[in-house]
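All you need for my numbering is the position in the sequence shown, starting with 1, plus 88.
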Amino acid sequence: MSACCGPTRGGAPGAGAGAAGAGAGAAGAGAAGAAEAVAEPYRQRAGIAARPAAARGMVRIPGGTFLMGGDDPDGRPEDGEGPVREVRLEPFMIDPACVTNAQFATFVKETGYVTEAERIGWSFVFAQFAARGVMDATVPGAPWWAGVEGATWRSPEGPGSSVGDRQNHPVVHVSWNDATAYAAWAGKRLPTEAEWEMAARGGLERKRYPWGDELAPKGRQRCNIWQGPFPAAPSKGTMPVKSFQPNGYGLYNVSGNVWEWTADWWGTEWEPSADNPAGPAEGTAKVIRGGSYMCHDSYCNRYRVAARTSNTPDSSTGHTGFRCAALV
Numbered sequence: 089m090s091a092c093c094g095p096t097r098g099g100a101p102g103a104g105a106g107a108a109g110a111g112a113g114a115a116g117a118g119a120a121g122a123a124e125a126v127a128e129p130y131r132q133r134a135g136i137a138a139r140p141a142a143a144r145g146m147v148r149i150p151g152g153t154f155l156m157g158g159d160d161p162d163g164r165p166e167d168g169e170g171p172v173r174e175v176r177l178e179p180f181m182i183d184p185a186c187v188t189n190a191q192f193a194t195f196v197k198e199t200g201y202v203t204e205a206e207r208i209g210w211s212f213v214f215a216q217f218a219a220r221g222v223m224d225a226t227v228p229g230a231p232w233w234a235g236v237e238g239a240t241w242r243s244p245e246g247p248g249s250s251v252g253d254r255q256n257h258p259v260v261h262v263s264w265n266d267a268t269a270y271a272a273w274a275g276k277r278l279p280t281e282a283e284w285e286m287a288a289r290g291g292l293e294r295k296r297y298p299w300g301d302e303l304a305p306k307g308r309q310r311c312n313i314w315q316g317p318f319p320a321a322p323s324k325g326t327m328p329v330k331s332f333q334p335n336g337y338g339l340y341n342v343s344g345n346v347w348e349w350t351a352d353w354w355g356t357e358w359e360p361s362a363d364n365p366a367g368p369a370e371g372t373a374k375v376i377r378g379g380s381y382m383c384h385d386s387y388c389n390r391y392r393v394a395a396r397t398s399n400t401p402d403s404s405t406g407h408t409g410f411r412c413a414a415l416v
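Right, dumping it as structure tokens:
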């Protein structure tokens with residue numbers, strides 16, 4: 089992956105392109121089924137029943153046909169952003185914002201779930217934030233990342249940190265496996281990549297951002313991305329999940345703030361058109377979308393709507409979270 093996108097837990101810097109299998113396969117039962125399998129032991133241990141996929145608070149996306157992908161002159165063809173192609177989706181529901189620390193805490197309290205970062209004992213933290221527990225290791229080409237012992241969703245910067253005053257910030261240091269477990273417990277699932285992009289576009293066609301083609305209309309900041317020279321300028325990290333104005337569908341922060349896990353395995357080859365695509369049948373990395381507070385136009389502009397990259401399902405960082413989707 090690129091500098092801003094985060095290293096993999098395996099230690100390799102990775103790459104946005106070719107990280108997993110190629111092709112956009114036919115829709116299947118993978119996402120919901122995998123989530124159920126991960127979450128079921130925690131349901132049994134906690135003695136709670138599966139929750140219905142209630143639509144309360146979710147946004148209904150009407151479905152239909154949209155143009156997926158992009159051909160921005162400063163885009164990244166190696167990431168499989170293009171070609172622009174016609175995709176048809178059934179109606180679906182999606183959360184207006186990423187899952188918060190408060191919501192994830194409820195899940196953990198009711199199920200006893202332990203995240204992968206907690207079980208393994210460490211996670212990746214932006215080095216500017218790391219103070220204690222820094223491991224004696226570096227990420228090739230990205231010295232601003234540090235492996236930190238004790239960094240978890242509860243302690244995002246490592247020992248001594250907490251989410252006490254960040255209850256409405258997106259939960260981070262959650263792997264794809266953790267995200268699918270939460271989604272299943274909530275009676276939902278992760279969105280497919282196509283669902284995520286349709287929702288993120290907010291009804292606009294072939295625009296660079298969820299609000300149009302200009303990054304800062306009338307000089308107004310519209311998303312939480314890196315401000316100033318990277319990585320020297322101070323960062324504020326995550327912001328509340330409903331910061332800034334929502335897009336045309338009522339979704340918040342689909343550009344910047346935190347990367348978001350999707351259900352799909354990574355691939356870079358596409359059919360000219362597709363109905364309800366769900367990505368390749370298998371692979372080694374999952375698609376993440378939206379960019380984060382570490383993205384900057386000078387080196388990584390993956391906060392554009394068509395931009396994409398990936399990470400392995402067991403990886404966790406301080407700038408990756410998720411939102412859930414469900415059938416109508």
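The beta carbon of each residue, even a glycine, is placed where N, CA and C say it ideally should be.
Secondary-structure assignment with DSSP links D266 through no beta bridge to anything. The alpha-carbon separation between A272 and I182 amounts to approximately 14 Å. DSSP places R148 in the strand class (E or B) of the three-state scheme.
Sorting G221, R377 and R308 by C-alpha distance to the C-alpha of W353 places R377 at the top.
In this structure, K276 lies near C412, with their beta-carbon atoms less than 8 Å apart.
Taking each of E174, F214 and P247 in turn and checking the Cα distance to C383, the smallest one comes out for F214. E174 is positioned such that its CB atom lies no closer than 8 Å to that of S263. By alpha-carbon distance to I149, the top candidate from P95, V227 and G338 is G338. Annotation for G336: G290 and G291 place their beta carbon closer than 6 Å to its own, counting only its chain and skipping 5 residues before and after. Counting along the chain, T356 sits inside no alpha helix (DSSP H), nor does DSSP assign it H or E at all. Distance from T350 to P401 at the Cβ level is roughly 12 Å; contact not present, criterion being Cβ atoms closer than 8 Å. Inter-segment contact for the stretch 386 to 401 and the stretch 145 to 165 is present: three or more beta-carbon pairs are separated by less than 8 Å. Where N399 is concerned, the enclosing beta strand (DSSP E) starts and stops at T397 to N399. Excluding residues up to 5 positions away in sequence, V346, W347 and H407 lie with their Cβ nearer than 6 Å to the Cβ of S380 in the same chain. A Cβ-Cβ contact shorter than 8 Å links D160 with R296. When the five nearest sequence neighbours on each side are left out, the beta carbons in the same chain lying within less than 7 Å of the beta carbon of L303 are those of Y297, in order along the chain. If the five residues before and after G325 are omitted, its C-beta is found closer than 7 Å to the C-beta atoms of F217 and Y381, all from its own chain and listed in chain order. Looking only at V172, R164, D162 and G151, the smallest Cα-Cα distance to S361 is reached by V172. Per DSSP, the unbroken beta strand (DSSP E) holding F212 starts and ends at W210 to F214. Just measuring C-alpha positions, the residue of S211, P244, M286 and L177 sitting nearest S403 is S211. Here DSSP, grouped into helix, strand and coil, assigns T153 to strand. Proximity to G246 across A185, M223, P322 and N364 peaks at M223, based on C-alpha coordinates. Here N312 carries a strand assignment [DSSP, helix/strand/coil]. Considering only N364, H261, A190 and G371, the residue with the shortest C-alpha distance to G252 is A190.
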